[in-house]
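A.B. asks:
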Amino acid sequence: MTTQLTSNLLDKNEPQNSYDIARQQFTIAADHLGLDTGLRKVLMAPKRELTVNFPVRMDDGSVEVFTGYRIQHNLARGPAKGGIRYHPQVSIDEVRALAMWMTWKCATVNIPFGGAKGGVIVDPQKLSLAELEKLTRRYTTEISLLIGPETDIPAPDVNTNPQTMAWIMDTYSAHKGYSVHAVVTGKPLNIGGAEGRKEATGRGVQYVTRYAAQTQNLNLREATMVVQGFGNVGSVVSKLLCEDGVTLVAVSDANGGIYNPKGLDVRLLLDYSSKQGTLVGFPNADYVTNQELLELPCDILIPAALENQINGDNATRIRAKIISEGANGPTNPEADRVLFDRGIFVIPDILANAGGVTVSYFEWVQDLQRFFWNEEETNARLLQIMTKAFKDVYRVAQEKKLDLRTAAYILAVGRVAEATKTRGIYP
Ligand code: NAD
């Protein structure tokens, strides 16, 4: 069934805008599910969008005005959940896409959240720590119209971290007059963070990559991998899969990548990157650009940086057997078609990187109950959820002979659609 709502999007040539891509992915699932036009409109539209322009007094006494967003895409299955990104390329459409992907991600792993995302247009590398703290506290105040432990719970994303979450929690609590731990997740442990949250996204990618390797008869001890992005997600998954016996042959950050087909020592990489602030210049490795990196020969490719990296231009040249999407939105629909036709096994973002939001859910539950678990308990529950989600998605893909992204969307969109229908349209 193609409606007006779908055809406008599908007619376009390969979209580069993340929101167009997100809507196109939704439409593919909506067509499979046979959703009616009204439900498509409800599920496609972001529920709330807040734009804030706010001042920050810089260290030299001057005043800068920054623009930020907080967007809640869908709340049918629970409070809004999603990270906050600081990046010069943040745009309202990027935040809309990321919020929509959060809705489907929470539904894929079947945790009781809706989807949201936030972002500030800023290059945090150009700000001092004091300026970053002021920016974070003022942005928090501006978006406190929306956020709260029962309404919308932020978490870290690109260029934000546990310290950022601590400032958000402290600012929100200061306005309330008491400590509200459950307003954010990904916090430091000493203020209500959860054991294992920092590693959770990478660990989830590790779990699903292991299952993917089984389905592809790939022995991890003989496998090679390439990882784009060496931040929270990329560095953790690199370390964990190296512990499984995988050989890391190339890795990158925003400055470019390094390649050694004989293998890179992940512990030395972690040490080098924390001291130098980049991987570039790492000894005994060749420099590669981020684009060249994606096309290197390997068994497992893990994009763990930004959106729209694998597209119609380079999909035919990807040489990996498995792509595990640590990043959100790294592959566009045109590339999905090419990769599926070429038999490359893509574990979609809304499944592969859902370990982060899953342990964020655990953190939120622990904060609300004031009762904390240990890391073994967290990892065991994470494994349980990721295993079930992988098996559910894989079964749908096999039954319907589809790629895993479409299968995951069919499950996720179907769940949100059912919840919406059960609640009904008010009034
Ligand atoms: P991060 O800020 O910790 O790390 C980002 C990494 O990407 C850094 O190494 C940075 O240098 C690199 N990078 C930035 N721009 C790049 C470019 N143009 N090319 C190549 N590398 C570039 O961020 P993160 O938390 O690791 O997030 C990475 C991705 O994972 C994002 O897509 C994010 O939305 C997604 N994600 C993160 C989480 C989480 O829990 N942090 C959860 C789910 C998904």
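Residue numbering for the sequence shown follows the working numbering, starting at 1 and increasing by one per position. Glycine included, C-beta positions come from ideal geometry on N, C-alpha and C. These numbers come from a predicted model, not from an experiment.
Considering only C-alpha positions, which residue in the set Tyr361, Tyr394, Ile425 and Val413 is nearest to histidine 181?
C.D. replies: The shortest Cα separation from histidine 181 among Tyr361, Tyr394, Ile425 and Val413 belongs to Tyr361.
A.B. asks: Give the residues whose C-beta lies closer than 6 Å to at least one heavy atom of the ligand NAD, in chain order.
C.D. replies: Cβ atoms closer than 6 Å to the ligand NAD belong to Pro156, Asp157, Val158, Asn159, Thr201, Gln228, Gly229, Phe230, Gly231, Asn232, Val233, Gly234, Ser252, Asp253, Ala254, Asn290, Ala304, Ala305, Leu306, Gly326, Ala327, Asn328, Asn353 and Gly356.
A.B. asks: Is it the case that the Cβ atoms of valine 416 and threonine 108 are separated by a distance below 8 Å?
C.D. replies: Not closer than 8 Å, so no.
A.B. asks: Is it buried or exposed for glutamine 125, if we count other Cβ within 10 angstroms and need 16 for buried?
C.D. replies: Its Cβ having fewer than 16 others within 10 Å, glutamine 125 is exposed.
A.B. asks: Going by DSSP, what residue range makes up the alpha helix (DSSP H) through histidine 32?
C.D. replies: Note, histidine 32: alpha helix (DSSP H), 18-33.
A.B. asks: If we call anything under 8 Å between Cβ atoms a contact, is alanine 223 one with threonine 185?
C.D. replies: Result no, Cβ atoms of alanine 223 and threonine 185 do not sit closer than 8 Å.
A.B. asks: Just to confirm my understanding: we take phenylalanine 340, look at its own chain, exclude 5 residues before and 5 after, and list those with CB closer than 7 Å. What are they?
C.D. replies: Excluding positions up to five away in sequence, the list reads Asp403.
A.B. asks: Just confirm the distance between the C-beta atoms of leucine 382 and glycine 204, as a whole number of angstroms; I'd bet it's less than 8 Å.
C.D. replies: 6 Å between Cβ atoms; contact.
A.B. asks: Could you check the C-alpha separation between alanine 408 and glycine 257 for me, to the nearest Å?
C.D. replies: Computed Cα separation, rounded: 31 Å.
A.B. asks: According to the neighbour-count rule (16 or more other Cβ atoms, all chains shown, within 10 Å of its Cβ), is glutamine 384 buried or exposed?
C.D. replies: By the 10 Å Cβ count, glutamine 384 comes out exposed.
A.B. asks: In the DSSP assignment, find the beta strand (DSSP E) that holds valine 346 and state where it starts and stops.
C.D. replies: From DSSP, the beta strand (DSSP E) with valine 346 extends over 345-347.
A.B. asks: What's the call for alanine 45, buried or exposed, on a 16-neighbour Cβ count within 10 Å?
C.D. replies: When all chains shown are included, alanine 45 counts as exposed.
A.B. asks: Distance, Cα to Cα, arginine 319 vs glycine 326?
C.D. replies: Approximately 18 Å, taken between the alpha carbons.
A.B. asks: For glycine 245, which option in Asp265, Thr151, Val233 and Ile121 has the closest C-alpha, if you only look at C-alpha atoms?
C.D. replies: Measuring from the Cα of glycine 245, the nearest candidate turns out to be Asp265.
A.B. asks: Since serine 324 sits in a beta bridge, which residues does DSSP pair it with?
C.D. replies: In DSSP, serine 324 forms a bridge with Ile347.
A.B. asks: Helix, strand or coil: which one does DSSP assign to proline 188?
C.D. replies: Coil at proline 188, not helix or strand.
A.B. asks: Are the CB atoms of glycine 202 and leucine 240 within a distance shorter than 8 Å?
C.D. replies: Yes, the Cβ-Cβ distance between leucine 240 and glycine 202 is below 8 Å.
A.B. asks: Does the segment 366-380 touch the segment 164-178, meaning 3 or more C-beta pairs lie closer than 8 Å?
C.D. replies: Judged by Cβ distances under 8 Å, the segment 164-178 makes no contact with the segment 366-380, as fewer than three pairs qualify.
A.B. asks: Threshold first: 4 residues or longer. Then list the alpha helix (DSSP H) segments lying entirely within the segment 228-314, N to C.
C.D. replies: The segment 228-314 contains these whole alpha helix (DSSP H) runs: 232-243, 266-276 and 290-294.
A.B. asks: Look up leucine 402 in the DSSP assignment and say whether it is helix, strand or coil.
C.D. replies: Note: leucine 402 maps to coil in three-state DSSP.
A.B. asks: Mind checking whether glycine 119 and glycine 82 have CB atoms under 8 Å apart?
C.D. replies: Result no, Cβ atoms of glycine 119 and glycine 82 do not sit closer than 8 Å.
A.B. asks: Note down, in chain order, each residue of its chain lying with its Cβ closer than 6 Å to the Cβ of tyrosine 139, except the 5 sequence neighbours on either side.
C.D. replies: Excluding positions up to five away in sequence, the list reads Gly68 and Val120.
A.B. asks: Skipping 5 residues on each side, what residues in its chain have a beta carbon closer than 6 Å to that of aspartate 367?
C.D. replies: The residues are His181, Ala182 and Gly192.
A.B. asks: Using the Cβ count rule (16 or more neighbours within 10 Å means buried), how would you classify threonine 406?
C.D. replies: Buried.
A.B. asks: Count the C-beta pairs between the segment 23-31 and the segment 110-117 that are closer than 8 Å, then say yes if the count reaches three, no if not.
C.D. replies: Too few Cβ pairs lie closer than 8 Å, so no.
A.B. asks: State buried or exposed for proline 283, treating a residue as buried only when at least 16 other CB atoms are found within 10 Å of its CB.
C.D. replies: Under this definition proline 283 is an exposed residue.
A.B. asks: Span of the alpha helix (DSSP H) holding lysine 105?
C.D. replies: From DSSP, the alpha helix (DSSP H) with lysine 105 extends over 92-108.
A.B. asks: In angstroms with no decimal places, state the Cα-to-Cα distance between leucine 39 and threonine 247.
C.D. replies: Cα to Cα, leucine 39 sits roughly 46 Å from threonine 247.
A.B. asks: For the alpha helix (DSSP H) holding glycine 38, just list the boundary residues, first then last.
C.D. replies: Here the alpha helix (DSSP H) through glycine 38 covers 37-44.
A.B. asks: Can you give me the C-alpha to C-alpha distance between proline 88 and phenylalanine 66, rounded to a whole angstrom?
C.D. replies: One C-alpha to the other measures close to 11 Å.
A.B. asks: Roughly how many angstroms separate the alpha carbons of threonine 136 and glycine 177, rounded to a whole number?
C.D. replies: Those two C-alpha atoms are separated by around 19 Å.
A.B. asks: Please look up how many angstroms separate the CB atoms of leucine 127 and glutamine 228, rounded, as I've assumed it's under 8 Å.
C.D. replies: About 25 Å separates the two Cβ atoms, so there is no contact after all.
A.B. asks: Just how far apart, CA to CA, sit arginine 370 and valine 359?
C.D. replies: For arginine 370 and valine 359, the distance between alpha carbons rounds to 16 Å.
A.B. asks: Report buried or exposed for threonine 215, applying the criterion of at least 16 other Cβ atoms within 10 angstroms of its Cβ.
C.D. replies: So threonine 215 ends up on the exposed side.
A.B. asks: Among residues of its own chain, excluding the 5 on either side of glycine 78, which ones have a beta-carbon nearer than 7 Å to its beta-carbon?
C.D. replies: Answer for glycine 78: Pro112, Phe113 and Gly114, listed in chain order.
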